[in-house]
Amino acid sequence: MLYLSLKHLLSKVPAMENYTMQGRTYRYYGSQVPLYPFGYGLSYTMFHYSNLEVNPSLLHPCDTLLLSVNVKNTGLRMGVEVVQVYMSWWTASVPVPHWQLVGVQRVTIPVGSSVKVSIKILPRQRAVWTDNWILEPGEFAIYAGGQQPYQITSVPSNVLQATFIVVGTSRPLSIC
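The sequence shown begins at 1 in full-length UniProt numbering and counts up by one.
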């Protein structure tokens, strides 16, 4: 009896035909920002980011990007910071998020100290979906900080930005 009722209810649900994320998640909302974005939280100290480096700044589709950034504890207490790295496509052929989280690393930093954080950005993190995963050439932006790019908070963290360029021709991720 329960099976028949469930089957009857499911037959009344309209089929989903549009699988895009456009307008369904904050990553695609245009100028709207989420009230509590990823990484939102409070800290008992403050951090300052400097010396964002991307290597190489010119790469081929299947190459890995290496990123490093210095993080200094400028507050009065020892603290734990979650370094967040985001990427955005400037020339993608399909709709993509405004920025996408591509790396995080938690570091403990004593008062007045600085640490150098290194993160790898793999080719699969730059892939876009068409009818399969494709790596496209073009210009990209990379952001590193304690929050999302352009996030307004009561205790802001500076977010650094750099660019890199992928040269060559589009290719399926599966051949890398």
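Just so it is clear, CB atoms sit at the ideal spot from N, CA and C, and this is done for glycine as well.
Computed from a prediction, not measured in an experiment: that's the story for all the values here.
Reference residue i; option with closest CA among the options
i, options, result
"residue 129", "78, 113, 171", "171"
"residue 139", "48, 49, 45, 58", "58"
"residue 80", "107, 124, 64", "107"
"residue 165", "51, 96, 88", "88"
"residue 122", "70, 147, 60", "60"
"residue 47", "169, 176, 160", "160"
"residue 44", "78, 63, 62", "78"
"residue 92", "147, 63, 127", "127"
"residue 62", "150, 125, 147", "125"
Below-8 Å beta-carbon distance, residue i vs any chain D residue
i, result
"residue 88", "Here chain D cannot be found, since the structure has a single protein chain."
CB of residue i within 8 Å of CB of residue j, strictly
i, j, result
"residue 111", "residue 73", "yes"
"residue 144", "residue 49", "yes"
"residue 76", "residue 133", "no"
"residue 137", "residue 96", "no"
"residue 162", "residue 65", "no"
"residue 70", "residue 116", "yes"
"residue 113", "residue 68", "no"
Range covered by the beta strand (DSSP E) that runs through residue i
i, result
"residue 53", "47-55"
"residue 136", "Unbroken run through residue 136: none, as it is neither H nor E."
"residue 158", "Run containing residue 158: none; DSSP gives neither H nor E here."
"residue 177", "As shown, the chain starts at 1 and ends at 176. That puts residue 177 outside it, with no answer to give."
"residue 83", "79-89"
Residue i - DSSP class collapsed to helix/strand/coil
i, result
"residue 113", "coil"
"residue 95", "coil"
"residue 174", "helix"
"residue 125", "helix"
"residue 43", "coil"
"residue 148", "coil"
"residue 169", "coil"
"residue 108", "strand"
"residue 76", "coil"
"residue 1", "With a pLDDT of only 48 at residue 1, under the threshold of 50, the placement of this residue in the model should not be trusted; the figure read from the coordinates follows. In the structure shown, residue 1 sits in coil (DSSP, three-state: anything other than H, G, I, E or B)."
*Is the region 67-86 close to the region 96-105, with three or more CB pairs under 8 Å?*
yes
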